[in-house]
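Just so we're aligned: 272 in UniProt numbering is position 272 of the sequence shown, and the numbers increase by one with no gaps anywhere.
From the three backbone atoms N, C-alpha and C, an ideal C-beta is built for every residue, glycine too.
The structure appears below as C-alpha cells.
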Amino acid sequence: MDVLNTHLDTIRVPEPLDKVYKDECLFSFDNGNTDTGLFISLTSFWGLGKDYVELYHRKTGHSVFLHIKREWYKVPSSSQGDGPEKKITRLAIGMEGGFDPSKENKFEFRETYTIVILPSFKSLSWPDSQFPDIINKSVKRILKAESANKLAELEALQGTWDGEVRVVSKHAKDLKQLDNGKKIPPTGWKCEKCEKTENLWLNLTDGSVLCGRRFFDGSGGNNHAIQHFSDTGYPLAVKLGTITKDGKADIFSYTEDDMVEDPYIKEHLAHWGINVATMEKTEKSMVELELELNKKTNEWAMLQESGSKLKPVYGPGYTGMINLGNSCYLNSVMQVLFTIPDFINRYVDQAGQIFEMFNINSCPADDFNIQMAKIGVGLLSGKYSIAPDESKPDFNGISPRMFKTLVGRGHPDLSTSKQQDAQEFFLHVVKLLEYNNKNRINPADCFKYKVEERVQCVSSKKVKYTYRSDNILPLSISLEAAVNKEEVSAYEERKAQLEAEGKKIDPSQVVRPRIKFISCLESFAQSELIEQYFSTAVNSRTTARKTTRIATFPDYLLIQLKKFTLREDWVPIKLDVAVEMPDVIDLSSLRATGPQPGEEEMPELTGSLPSPPPIDDLVLKQLMDLGFPVDACRRAIFFTKNTGVENATAWLFKHISDSDFMEPFMPPGLEGLSKVTSDFVPDRDAVDAIKGMGFAEQQAVKALKATNNELERAVDWIFSNQEEVEDTTIASNESSEYRDGGSQYQLVAFISHMGTSAAAGHYVAHIYKDGHWVIFNDNKVALSENLPKELGYLYLYKRF
1 MDVLNTHLDT IRVPEPLDKV YKDECLFSFD NGNTDTGLFI SLTSFWGLGK DYVELYHRKT
61 GHSVFLHIKR EWYKVPSSSQ GDGPEKKITR LAIGMEGGFD PSKENKFEFR ETYTIVILPS
121 FKSLSWPDSQ FPDIINKSVK RILKAESANK LAELEALQGT WDGEVRVVSK HAKDLKQLDN
181 GKKIPPTGWK CEKCEKTENL WLNLTDGSVL CGRRFFDGSG GNNHAIQHFS DTGYPLAVKL
241 GTITKDGKAD IFSYTEDDMV EDPYIKEHLA HWGINVATME KTEKSMVELE LELNKKTNEW
301 AMLQESGSKL KPVYGPGYTG MINLGNSCYL NSVMQVLFTI PDFINRYVDQ AGQIFEMFNI
361 NSCPADDFNI QMAKIGVGLL SGKYSIAPDE SKPDFNGISP RMFKTLVGRG HPDLSTSKQQ
421 DAQEFFLHVV KLLEYNNKNR INPADCFKYK VEERVQCVSS KKVKYTYRSD NILPLSISLE
481 AAVNKEEVSA YEERKAQLEA EGKKIDPSQV VRPRIKFISC LESFAQSELI EQYFSTAVNS
541 RTTARKTTRI ATFPDYLLIQ LKKFTLREDW VPIKLDVAVE MPDVIDLSSL RATGPQPGEE
601 EMPELTGSLP SPPPIDDLVL KQLMDLGFPV DACRRAIFFT KNTGVENATA WLFKHISDSD
661 FMEPFMPPGL EGLSKVTSDF VPDRDAVDAI KGMGFAEQQA VKALKATNNE LERAVDWIFS
721 NQEEVEDTTI ASNESSEYRD GGSQYQLVAF ISHMGTSAAA GHYVAHIYKD GHWVIFNDNK
781 VALSENLPKE LGYLYLYKRF
C-alpha cells in the first residue's frame, strides 16, 4: 500500500456533475470485455485501454486507476419447448417485441476489479479492507454512477428502426376542440368521404373520421385525412383501432410531419365520447404496417442478400459497426469513407500523432479529430474483427456511441435517434471535416469538385458564368425513362387483381421500373428555365436558361440517385426503381467548357441593387406556421408571384428537395451582385440589436450580410446556421484549388436504403475490397454473393 499512499492527494470522488467514462476507452473501443480490460482514472474518471493508459499517465501525471475486467462463461439454455414463435411487433433489435439476436447461446460474466498504479502497473485486488477510505469512496461512486455514454443517450431511441418513441406534440396541451355535438362510436367506423373502413383517422379538433394516406404499393387509404388538414389546418389525428386501454395510440401531427405523443389523449378522446378504458386494439400500428409493407417487396431481402448463405469475413478492414438504434446511416457512410486513402492517411496513419496531441484540459470525447481517428483505427486495425470463439460471446464490431453523440451535437435532426438520410449525414460530416482541418489537408477534398453554371438571358441572349463547389453529384430519376413500362403495367394489373381477390403477390415477382443510368445523366445535362431572373443585360426581370456542367473531376465522385420525393398529393414516397448503374462511367459529356467564342457576357450591375418584390407577411406567417423555413417560404411566395397560400404551399412541396431550399433567399440573378458592386455595409441598428441577444459583432455582420440587412431574417439565419456562426473569426479553409483529372470512373462502393421513406428503414453498404464485393450490414460483414447494384442510393466512383 505504500506506493499507493504517495498518490492519495490526486484521488477524487466523482461529483454529480462529473462524467464517468466507464463503458469504453476514449481513444479506442477497448472495454471491460477486452482481453486487457479497461482502466478508469481515479482523478479524471476517463476510461482508457491498455494501449493508451501509459500515454494518459505520461501527459497528466495521474497514476491510480480502477481496472475492470469481465470473464465470460457459457450457461446451459433453458428449454422452453416448441411453442409458437414469438411474433415480431416492433422494428427493433434486442427489445421486447423486436428481433432477438441471441436465441441460441446464453452467457454470464464475472466482473473483477483491481487498483492499478502506473508506471509499474502494480495491481491490488479490490475490495480490500486495507484500502484508504478515499479509494473505496472513489471506486464505489464510479461503479454506481451512470456512464457518460449512457447519460448522452438518455433521450435516444434504444431499438433499431423503432418508430414508437415519440416526442410530445406542441399542439397537445392547448389543442382546440370544437363543440359541434359530434360523438364517435367505439366501433363500426367508415370514412366520411369514401367507403374505406380501415386505416381511419379521427381528427381531434372537429371529430371528422377520414381515411389515411395511400401507401407506395397502392394499399392504405385515399388521402382524405391529409386533404382535410390542408383544408382546415387542424393538426392532430389519432388512428382508430390503435387505441388501447392504457391510453396508447398512433397519433400523427400534420404540422410536425411526424408520429407524436399526446399526454392528454384520454381527455381529447373523451370529448368525442370515446372511453379509453373500454377500447381494444383492432388495427395494425404504423410500425406493424411498416413491417408488413417491407415484406410485400423483395427489396429488403435483395439488399441484405437474405437468400444467400453469406460467408463472414474478419480482419483489418472487415470490422462491423454496431447499430445503436437507427444508426445504420452513420455506419454505412463511415465504412465507405474509411476505404478512401485520404481518410486512411489523415486518421489512421496519423492516429498516433492525433492521440499524442490531446489536450489534458478537455475531454477526448469532445474532440472531432480524435473520435474520427478512433473510428478509423477501430475499423482498420482488425482488433475488433476476429473469428468468434463459441466459448464466449461474439464482441466483434465497434460501437460508435461517442462519435454519434459528438457529430450530432447541436444538430436539430442528427442529435436525435431518429433515422436520418445518409446523404444529409455525409454532407454534415464534410462540414465538420472542413471546420476541424483548418490549415491542414482536408481528406474530404477528394470529393470536392467545381460546378459551372451558365445562365443565358432569353431576352438579350447574353450569358453569365458562375462557379461553386459541391461534394455530391445529385441525379434525378424520371419514371418516364423506364425501359420496361409494359412489364411494369402488367405487373401492376396482376397485383391489383390479386389484392381484389384478397390474395398477396409473391415478393419474388415484383417488377420495378428499370432506368438506364444514361437517362439520369441526360436529365442532369438538360437546361433549366428560370422565371423572374434579373438580367443586368436588360436591367429588368425576364426569363433565363441555366445549364450545369462539371468544371473539375474529383478523385472520388459520390453520386446520389434522388429517390426520395413527393407525389402530386404531397405524400412523401421513395421511388421503388432499379437503376442500371455501370461499373465504369465516362462523364466527358458533362465537362464544362467556360465562355465560348462569340458569346457576350452580361454586364456588371450599374447603380444600386434593385429592390426585391414585396412579400405578403400574412402569407409568409401562414406558411411558416406549417413548419417551413422562412427563406423557403420567401422563395415560394416569390416564384408564385404573391398569388396566395395555396399556390405557395404547392410550390414548397414540389421543391422541398431542392439543394437551396433552406438557404438565404436572394431573387435569381441578384446572387453575388452585392459583392461585385460594393463592400457590404451592415445596418448598425440591426448589428446592435443582434449583439443585444448575446452574439458577437462578427456573427451579427455575417448574418446580416447573408440576409441583405434584414434583422428578422438575420436572427433566423443565426439559429439555422449554428455551425457557420460558431467561429466566424477563423476563415474557412476551403481552397480555390481543386483536384482534376480524367472523366472516367470505376464503381468501388454503394450505400442502399431499404424502406418507404428516408425517415424509416435501414441502410447497408457494399464495398469492393481485395478483389471482391463485401456487404457491411451493421456489425455483420460478409462476402457478397448477389450484388444488388441496381437498388443503391449513394454510389462512390473512383477516378482512373
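Between Gly320 and Asn396, the gap from beta carbon to beta carbon is short of 8 Å.
Membership of Ile550 in any alpha helix (DSSP H) is not indicated; the residue belongs instead to the beta strand (DSSP E) covering Ser540 to Ile550. Annotated three-state conformation of Gln350 is coil, per DSSP. Pairing Val64 with Ile117 gives a Cβ-Cβ distance under 8 Å.
Restricting attention to Lys461, Leu787, Gly325 and Glu531, the CA atom closest to the CA of Lys641 is found in Glu531. Residue Phe776 holds the alpha-carbon nearest to the alpha-carbon of Tyr314 among Pro788, Phe776 and Phe800.
Shown here, Thr339 sits in coil according to DSSP, grouped into three states, outside any helix or strand. Between Thr405 and the set Phe750, Leu380 and Met372, the nearest pair of CA atoms involves Met372. Between the stretch 755-769 and the stretch 520-527 there are fewer than three inter-stretch CB-CB distances shorter than 8 Å, so the stretches are not counted as touching. Collapsing the DSSP output to three states places Tyr449 in a strand. Among the bridge pairs identified by DSSP, His655 is matched with none.
Taken in chain order, the complete beta strand (DSSP E) segments of 3 or more residues contained in the stretch 18-49 are 38-41. The C-beta distance from Asp23 to Ser147 rounds to 5 Å, short enough to meet the 8 Å contact threshold.
Bounds of the alpha helix (DSSP H) holding Glu492 are Lys485 to Ala500. Under the DSSP assignment, Cys363 falls outside any alpha helix (DSSP H); it carries neither an H nor an E label.
Ala500 has its alpha-carbon roughly 15 Å from the corresponding atom of Glu195. A buried status is given to Pro364, since no fewer than 16 other beta-carbon atoms sit within 10 Å of its beta-carbon. The residues Pro132, in chain order, have a CB closer than 8 Å to that of Asn5 in the same chain once the five nearest residues on each side in sequence are set aside. The bridge partners DSSP lists for Val238 are Leu202 and Ile251.
Annotation for Phe338: Gly376 and Leu379 place their beta carbon closer than 6 Å to its own, counting only its chain and skipping 5 residues before and after.
Counting along the chain, the unbroken alpha helix (DSSP H) around Ile690 starts and ends at Arg684 to Lys691.
Per DSSP, Phe109 is one residue of the beta strand (DSSP E) stretching across Lys106 to Ile117.
With at least 16 other beta carbons inside 10 angstroms of its own, Glu710 counts as buried. Sequence-distant partners of Ser460 (beyond 5 residues in either direction) whose C-beta falls short of 6 Å from its own C-beta, in its chain, are Ala537 and Val538. The beta carbon of Ile243 sits closer than 6 Å to the beta carbons of Ala249 and Met279 from its chain, once the five residues preceding and following it are set aside; these are given in chain order. In this structure, Ile142 lies away from Phe27, with their beta-carbon atoms at least 8 Å apart. In this structure, DSSP gives Lys563 a state outside helix and strand, which the three-state scheme calls coil. Bounds of the beta strand (DSSP E) holding Glu71 are Val64 to Val75. It is roughly 21 Å from the alpha-carbon of Gln622 to the alpha-carbon of Pro612. Put simply, the backbone Cα of Ser169 is about 34 Å away from that of Ala696.
Just so you know, the alpha carbons of Gly188 and Lys182 end up roughly 15 Å apart. The bridge partners DSSP lists for Lys574 are Phe564.
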